[in-house]
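Residue numbers (the working numbering), protein chains in the order written: chain A, 1 to 261; chain B, 262 to 535.
C-beta atoms are modelled at their ideal positions from N, C-alpha and C, and glycine is treated no differently.
Inspection log for the structure reproduced underneath, given as structure tokens.
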Amino acid sequence: MSANAKLDRRGFVARGVAAAGAALLGGCDSDLSEQPWVKRILDSAETLTRAAQRTLVSPMALAREYTEADISKDFKANGSTDVDDDAYRALAANGFADWKLKIGGLVGQPLELSLAELRSMPSRTQITRHDCVEGWSCIGKWTGVALKALLDKAELKSQARQIVFYCADDLGETGDDDGKYYESIGLIDAFHPQTILAYEMNGAPLPIPHGAPLRLRVERQLGYKMAKYVMRIEAVDGIAGIRGGHGGFWEDRGYEWYAGI
Amino acid sequence: MTDEHKQEVVYRHSGAVRVTHWINVVALLVLLMSGLQIFNAHPALYFGSKSNFDDPVMAMRPMKHGEDIFGVTTIAGWNIDTTNLFGLAYSPDGDYEIRGFPWSVTLPGHRNLSAGRRWHFFFAWLFVINGLAYLIYSLASGHLRRDLAPSRRELKHIGPSIWEHLRLKFPQGEEAKRYNVLQKLAYLVVVLVLLPLMLLTGLAMSPGMDAGYPFLLEIFGGRQSARTIHFIAASGIVLFVVVHIVMVLITGVWNNLRSMITGRYAIKLPESRP
Numbered sequence: 001m002s003a004n005a006k007l008d009r010r011g012f013v014a015r016g017v018a019a020a021g022a023a024l025l026g027g028c029d030s031d032l033s034e035q036p037w038v039k040r041i042l043d044s045a046e047t048l049t050r051a052a053q054r055t056l057v058s059p060m061a062l063a064r065e066y067t068e069a070d071i072s073k074d075f076k077a078n079g080s081t082d083v084d085d086d087a088y089r090a091l092a093a094n095g096f097a098d099w100k101l102k103i104g105g106l107v108g109q110p111l112e113l114s115l116a117e118l119r120s121m122p123s124r125t126q127i128t129r130h131d132c133v134e135g136w137s138c139i140g141k142w143t144g145v146a147l148k149a150l151l152d153k154a155e156l157k158s159q160a161r162q163i164v165f166y167c168a169d170d171l172g173e174t175g176d177d178d179g180k181y182y183e184s185i186g187l188i189d190a191f192h193p194q195t196i197l198a199y200e201m202n203g204a205p206l207p208i209p210h211g212a213p214l215r216l217r218v219e220r221q222l223g224y225k226m227a228k229y230v231m232r233i234e235a236v237d238g239i240a241g242i243r244g245g246h247g248g249f250w251e252d253r254g255y256e257w258y259a260g261i
Numbered sequence: 262m263t264d265e266h267k268q269e270v271v272y273r274h275s276g277a278v279r280v281t282h283w284i285n286v287v288a289l290l291v292l293l294m295s296g297l298q299i300f301n302a303h304p305a306l307y308f309g310s311k312s313n314f315d316d317p318v319m320a321m322r323p324m325k326h327g328e329d330i331f332g333v334t335t336i337a338g339w340n341i342d343t344t345n346l347f348g349l350a351y352s353p354d355g356d357y358e359i360r361g362f363p364w365s366v367t368l369p370g371h372r373n374l375s376a377g378r379r380w381h382f383f384f385a386w387l388f389v390i391n392g393l394a395y396l397i398y399s400l401a402s403g404h405l406r407r408d409l410a411p412s413r414r415e416l417k418h419i420g421p422s423i424w425e426h427l428r429l430k431f432p433q434g435e436e437a438k439r440y441n442v443l444q445k446l447a448y449l450v451v452v453l454v455l456l457p458l459m460l461l462t463g464l465a466m467s468p469g470m471d472a473g474y475p476f477l478l479e480i481f482g483g484r485q486s487a488r489t490i491h492f493i494a495a496s497g498i499v500l501f502v503v504v505h506i507v508m509v510l511i512t513g514v515w516n517n518l519r520s521m522i523t524g525r526y527a528i529k530l531p532e533s534r535p
């Protein structure tokens with residue numbers, strides 16, 4: 001754990017006053033927010049938020065589930081709404097019959113599972129609220145397989161600390177892996193009963209704008225954690241060495257890794 | 262000077278009140294400006310659990326009318342042309358930019374949601390810690406009961422007090438040593454209603470907190486309602502601050518500022534006083 005976790009009140013207040021003073025003096029300096037020392041100060045709040053929510057909210061507390069009548073008629077598809085590469089198009093043209101989810105990393109039994117195999121496993125259906133970091137919410141019905149069931153099947157090793165999801169969409173438009181979407185979650189959320197890999201939305205196969213053939217649902221965090229177009233899952237003992245090092249596409253671009261707020 | 266009023270200097274604000282006041286000033290300013298940055302990521306408000314994109318309670322957005330494009334603010338079904346203020350702004354070269362509030366009032370001063378969130382949540386913690394310290398002090402020291410809670414007699418006097426305020430006649434002498442009834446009520450509403458409401462509606466927007474404390478959703482009627490109430494309560498605080506600053510200015514800016522810095526406040530004594 002970083003030293004940030006040990007925040008004492010006086011230090012926090014002093015740093016707050018320093019940062020606010022800098023903000024006001026900085027005025028029009030639009031780069032102030034990106035100064036490493038300002039970022040470091042402000043980021044200490046994320047550690048505090050995560051620690052507070054982990055303390056105040058039971059690891060097993062369930063996100064609210066809604067009724068059929070609550071389902072959004074117009075569920076907004078954000079971020080990538082399609083995948084612009086030939087391999088994906090070929091898979092989609094065939095209804096993802098040839099697609100396989102790869103599970104590897106710190107597991108005893110690496111797996112490759114087809115959509116049919118995922119569908120044959122016990123499923124969970126949940127009607128939940130999707131909260132976008134932008135501020136809006138939509139409600140949808142998701143059916144899929146519990147991530148925990150997959151990790152059990154793959155015999156997750158005890159050294160594993162995070163689960164990383166690699167996606168097909170090139171949201172960064174770099175044309176290589178650096179721009180591809182990816183996400184990671186800790187084991188508390190990975191083992192949570194509502195954390196599923198959904199292959200159905202509102203009773204129909206998951207549509208392409210919402211991440212076909214498979215998307216992650218992490219119901220106690222914001223929408224950007226819920227990776228779409230999931231191709232590969234990797235169990236790791238740390239996220240620092242992966243791509244930008246912050247554990248996700250948006251995290252590498254300044255957003256919080258813990259998105260419970 | 263003909264103004265030969267005698268002055269009495271009283272010790273008006275305790276150290277704890279002064280320190281928490283100024284921390285609150287900084288925290289609320291950063292929270293407001295970063296909050297507007299976050300609002301601009303989706304400048305529309307809704308009631309209920311989810312966003313009915315076709316039917317916002319309030320929205321700032323571009324609208325086409327014939328060949329022209331306007332910035333329009335919709336409130337409860339009414340469309341108001343707010344071009345260059347809210348919804349859409351033209352630059353001098355004729356280009357336009359779609360945005361809710363002007364970048365001059367947001368933090369950072371350009372579109373950057375992740376930085377806005379970083380500022381907002383850090384200063385939300387500062388605001389909460391500072392607010393708790395203030396509340397604990399106010400309860401323990403009797404500040405809340407002694408200085409802020411209006412007596413029954415004061416509440417009965419509320420009509421005349423409103424009339425005196427409207428004529429900009431303010432208490433002097435003995436009377437000025439205490440907050441008057443309107444001041445007490447305004448401070449109580451802010452301290453016990455608006456600021457706690459900001460915290461609770463803020464928590465109700467957190468999917469993590471909603472899982473642990475579903476009552477947050479119940480009391481406000483859903484996450485999108487909570488977001489709308491967060492915005493309305495913030496507007497209420499802005500309104501309070503505007504009135505507060507106007508009152509500071511017209512009742513003696515240096516005396517008021519000094520009292521919130523050193524604690525000392527000068528009171529004019531009536532000449533007829535023995």
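Under 8 Å from the C-beta of residue i: neighbouring residues of chain A
i	result
B:I299	G135
B:P475	R64
B:H303	C132, E134, G135 and W136
B:S310	Y66, D70, R129, S137 and I139
B:F481	Residues of chain A passing the Cβ test: none, with the nearest at roughly 13 Å.
Length of the line joining the Cα atoms of residue i and residue j
i	j	result
B:F347	B:S295	17 Å
B:G377	B:E435	47 Å
A:A259	B:I397	31 Å
A:T143	B:E358	40 Å
B:G524	B:L427	28 Å
A:G211	B:V452	46 Å
B:L510	B:L400	29 Å
B:L446	B:I419	10 Å
A:I41	B:S365	24 Å
A:Y182	A:C132	17 Å
B:M470	A:R124	23 Å
B:V280	B:M319	37 Å
B:V333	B:V504	28 Å
A:N202	B:I336	32 Å
A:A97	A:E251	32 Å
B:S520	B:Y526	5 Å
B:T462	B:E269	44 Å
B:H282	B:I480	29 Å
Counted within 10 angstroms of its Cβ, other Cβ atoms place residue i as buried (16 or more) or exposed
i	result
B:T512	exposed
A:T128	buried
A:K225	buried
A:I185	buried
A:S120	exposed
A:W37	exposed
A:C28	The predicted position of A:C28 is uncertain, since its pLDDT is 48 and thus under 50; a value taken from the coordinates is nonetheless stated next. Its Cβ having fewer than 16 others within 10 Å, A:C28 is exposed.
A:D31	exposed
A:V145	buried
Top-ranked residue by Cα proximity to residue i, from the options
i	options	result
A:D237	A:A77, A:T67, A:Q159 and A:A92	A:Q159
A:G104	A:A52, A:D70, A:A235 and A:E256	A:A235
A:V107	A:K148, A:C138, A:A77 and A:T81	A:K148
B:P411	B:G469, B:R439, B:W424 and B:Y272	B:R439
B:V291	B:V280, B:L387 and B:G309	B:L387
B:K325	B:M319, B:T344, B:D315 and B:S312	B:T344
A:F165	A:P36, A:D70 and A:L197	A:L197
B:R273	B:E479, B:D408, B:G361 and B:G483	B:D408
A:C167	A:D84, A:T47, A:E34 and A:Y66	A:D84
B:N313	B:R484, B:S402 and B:V499	B:R484
B:A494	B:G392, B:V454 and B:A465	B:V454
A:D82	A:A92, A:D74, A:K73 and A:F75	A:A92
B:N340	B:E328, B:L416 and B:R322	B:R322
A:S33	B:I330, B:R372, B:P317 and B:P432	B:R372
Amino acids of chain B, ordered along the chain, whose beta-carbon sits closer than 8 Å to that of residue i
i	result
A:A198	Ordered by position in chain B, no residue passes the 8 Å Cβ test against A:A198, which lies about 17 Å from the chain.
A:E183	Within 8 Å Cβ-Cβ: nothing; A:E183 doesn't reach chain B, min ~15 Å.
Chain B contact residues for residue i, given Cβ-Cβ distances below 7 Å
i	result
A:G260	S467, P468 and G469
A:S58	G473
A:Q53	G469 and M470
A:A61	A472 and G473
Test: residue i CB closer than 8 Å to a CB of chain C
i	result
A:A87	Looking at the structure shown, chain C is missing, and the protein chains on hand are A and B.
Per-residue contacts from residue i into chain B (C-beta, under 9 Å)
i	result
A:K76	S312 and F314
A:Q293	Nothing about residue 293 of chain A can be read from this structure; chain A reaches only from 1 to 261.
Under 9 Å by beta carbon: chain A residues contacting residue i
i	result
B:F382	L42, A45, E46, L48, T49, E256 and I261
Practice prompt. Inspect the CB distances between the region 297-312 of chain B and the region 371-389 of chain B and report whether three or more fall short of 8 Å.
Written response: yes
Worksheet item: Taking one C-beta from the region 99-117 of chain A and one from the region 337-355 of chain B each time, how about it: are there three or more such pairs within less than 8 Å?
Response: no
Worksheet item: Would you say the region 204-214 of chain A touches the region 172-181 of chain A, given that touching needs at least three Cβ pairs under 8 Å?
Response: no
Item to complete: Assess, as a yes-or-no matter, whether the region 39-55 of chain A is touched by the region 119-133 of chain A under the definition of 3 or more beta carbon pairs within less than 8 Å.
Response: no
Worksheet item: Is the region 306-313 of chain B touching the region 482-491 of chain B in the sense that three or more CB pairs, one from each, lie closer than 8 Å?
Response: yes
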